[in-house]
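Here's the structure we're looking at; comments come further down.
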Amino acid sequence: MNNTGTLRHDWTKPELLAIYERPLLDLIYEAATIHRTWHKADEIQISTLLSVKTGGCPEDCSYCGQAARYHTDINVQALLPTETVLAHAQKAKDAGSSRFCMAAAWREVRDNRDFDRIIDMVKGVNNLGMEVCCTLGMLTEQQAQRLHEAGVHAYNHNLDTSEEYYKEIISTRSFDHRLDTIKHVRKAGMTVCSGGIIGLGETAEDRMSMLLTLANMETHPESVPINALARVKGTPLENNPKIDIWEMVRMVATARIAMPASMVRLSAGRIEMTETEQAWCFMAGANSIFTGERETLLVTPNPGVSEDKQMLTNLGLKPMRSKR
Ligand code: SF4
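Residue numbering for the sequence shown follows the UniProt record's numbering, starting at 1 and increasing by one per position.
Written as structure tokens, this is what we have:
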């Protein structure tokens, strides 16, 4: 078991599984104690996510409504103009967000004019004094360096699931590709945002295997998004069962215990959680949420800004200030 004052990078899967399967209230109590040792427990990081290029992705991630090969209801949208993105960022800042994350549905970044435009967006958002985060697909070392120099604070690249289960979910790239991009991000000096999704049909062992990969990295990802599958109509996983809230709470708590210093983020699937259910996740150590002014998290619904503000007030929580 982790004591409350140290970071470990030598976890084993049986250890994580034993934590995950502990009696629920013991697990939450331990995670809440660790949360309070490492973080101000009344602060929640609010990040705004904007899809700057939506849909038409050549990849086959079976959970994703943006994959061109699935017949989903999303509106395909080319790369947004820089001014539009900056207007969204300003609005997000005014609404209390400290971090602005720009997402593009690309397999990988290409060295072309679209990437030049992303660089301009990054510089613009950076000038607003917000932490800039991007999620643009796979990166080379040079592209990671360029993003860092333009002012990107964090790069999101989720593992999605365990190495063992990965090929059941995505066939167009490998788990090792994910790890390579994360290495490039780290080497360039950006912070890493990497987590995964539960509800893909994986086992508890798969969940722990994914957390093990993250928790045994030389440096833990600074942000760990824990997503519940958003079941998008038209994708191969649209009929998967809804994730039970206690599985989500167990996942959040285990991530908190294994990576005490990281921000553990509630991401996709939050729309299907009640305020009470989200409160349990915060109690178990989640301290970051995505919100979206267009009330979408990429292409799936997400609670609106005003709803989130009300929830934070009800729970006695406040938005975390930007660390910049
Ligand atoms: S998750 Fe990302 S890479 Fe996979 S299909 Fe969706 S947009 Fe493409």
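Glycine included, each C-beta is placed from N, C-alpha and C at the ideal position.
Alpha helix (DSSP H) segment containing residue i, residue limits
i: ASN314; result: 305 to 315
i: PRO14; result: 13 to 20
i: ARG146; result: 141 to 150
i: SER262; result: No alpha helix (DSSP H) holds SER262; DSSP gives it neither H nor E.
i: THR181; result: 175 to 188
i: VAL85; result: 82 to 94
i: THR291; result: Careful: THR291 lies outside any alpha helix (DSSP H), inside the beta strand (DSSP E) at 288 to 291.
i: TYR166; result: 166 to 169
i: ALA204; result: 204 to 215
i: ALA279; result: 275 to 283
i: ALA75; result: Before going on, a small fix: residue 75 reads as Asn here, not Ala. Run containing ASN75: none; DSSP gives neither H nor E here.
i: ALA32; result: 24 to 38
Contact set for residue i: own chain, Cβ-Cβ below 7 Å, skip 5 residues either direction
i: ASN3; result: Low per-residue confidence applies at ASN3: pLDDT is 45, beneath 50, and the placement is therefore not dependable, though the value from the model is reported in the following sentence. Around ASN3: no qualifying Cβ.
i: TRP256; result: A quick correction: the sequence has Arg, not Trp, at residue 256. Within the same chain, ARG256 has close Cβ partners ALA31, ILE34, HIS35, VAL264, ALA284, GLY285.
i: ALA67; result: CYS57, GLU59, ASP60, CYS61
i: ALA18; result: none
i: GLY151; result: VAL122, LYS123, ASN126, VAL132
Close-in-space but distant-in-sequence residues of the same chain around residue i (CB under 6 Å, 5 per side omitted)
i: GLY195; result: ASN158, VAL224, PRO225, ILE226
i: LEU80; result: VAL52
i: ALA144; result: HIS184, VAL185, ALA188
i: ILE245; result: GLU277
Residue i CB to nearest heavy atom of the ligand SF4 below 7 Å
i: GLN66; result: yes
i: GLY195; result: no
i: ARG110; result: no
i: CYS61; result: yes
i: CYS101; result: no
i: ARG231; result: no
i: CYS134; result: no
i: ARG107; result: yes
i: GLY316; result: no
i: GLY137; result: yes
i: CYS57; result: yes
Straight-line gap, residue i to residue j (C-alpha atoms, nearest Å)
i: HIS9; j: GLU218; result: 7 Å
i: GLU131; j: THR48; result: 10 Å
i: LEU312; j: LYS318; result: 6 Å
i: ALA41; j: HIS35; result: 7 Å
i: LYS91; j: LEU147; result: 23 Å
i: GLY199; j: ILE243; result: 6 Å
i: GLY124; j: ARG113; result: 17 Å
i: ASN239; j: LEU212; result: 28 Å
i: ARG250; j: ALA268; result: 16 Å
i: THR203; j: SER162; result: 9 Å
i: PRO260; j: LEU266; result: 16 Å
i: PHE290; j: ILE46; result: 6 Å
i: GLY129; j: PHE100; result: 10 Å
i: ASP180; j: THR84; result: 32 Å
i: THR235; j: GLU272; result: 18 Å
i: PHE175; j: ASN75; result: 29 Å
i: MET320; j: GLU43; result: 5 Å
i: ALA215; j: ARG178; result: 15 Å
i: ILE197; j: ILE28; result: 20 Å
i: LEU252; j: ASP160; result: In the sequence as presented, Leu is not what sits at residue 252; that position holds Val. Going from the Cα of VAL252 to the Cα of ASP160 covers about 15 Å.
Neighbourhood of residue i by C-beta, 8 Å cutoff - its chain only, sequence neighbours within 5 removed
i: GLN77; result: SER51, LYS53, THR54, GLY55
i: ARG107; result: CYS57, PRO58, GLU59, GLY137, MET138, THR172, ARG173
i: LYS13; result: GLU205, MET208, SER209, LEU212
i: LEU86; result: MET121, GLY124, VAL125, LEU128
Environment of residue i [buried if 16+ CB atoms lie within 10 Å]
i: GLN278; result: buried
i: PRO58; result: exposed
i: LEU297; result: For LEU297, the predicted structure reports a pLDDT of 49, less than 50, and the residue's modelled location is therefore unreliable. A value from the coordinates is still provided. Answer is buried; the Cβ neighbour count reaches 16.
i: HIS71; result: exposed
i: SER98; result: buried
i: GLU21; result: exposed
i: GLU275; result: exposed
i: ARG270; result: buried
i: SER306; result: exposed
i: PRO221; result: buried
i: ALA89; result: buried
i: ASN156; result: buried
i: ASP73; result: exposed
i: ARG231; result: buried
i: GLY65; result: buried
i: THR254; result: buried
Delimiting residues of the beta strand (DSSP E) encompassing residue i
i: MET102; result: 99 to 104
i: GLU131; result: 131 to 135
i: THR191; result: 191 to 193
i: LEU50; result: 43 to 53
i: VAL232; result: Per DSSP, VAL232 belongs to no beta strand (DSSP E) and is neither H nor E.
i: ILE198; result: 196 to 198
Within-8 Å CB hit, residue i to chain D
i: LEU25; result: Included in the structure is just one protein chain, with no chain D present.
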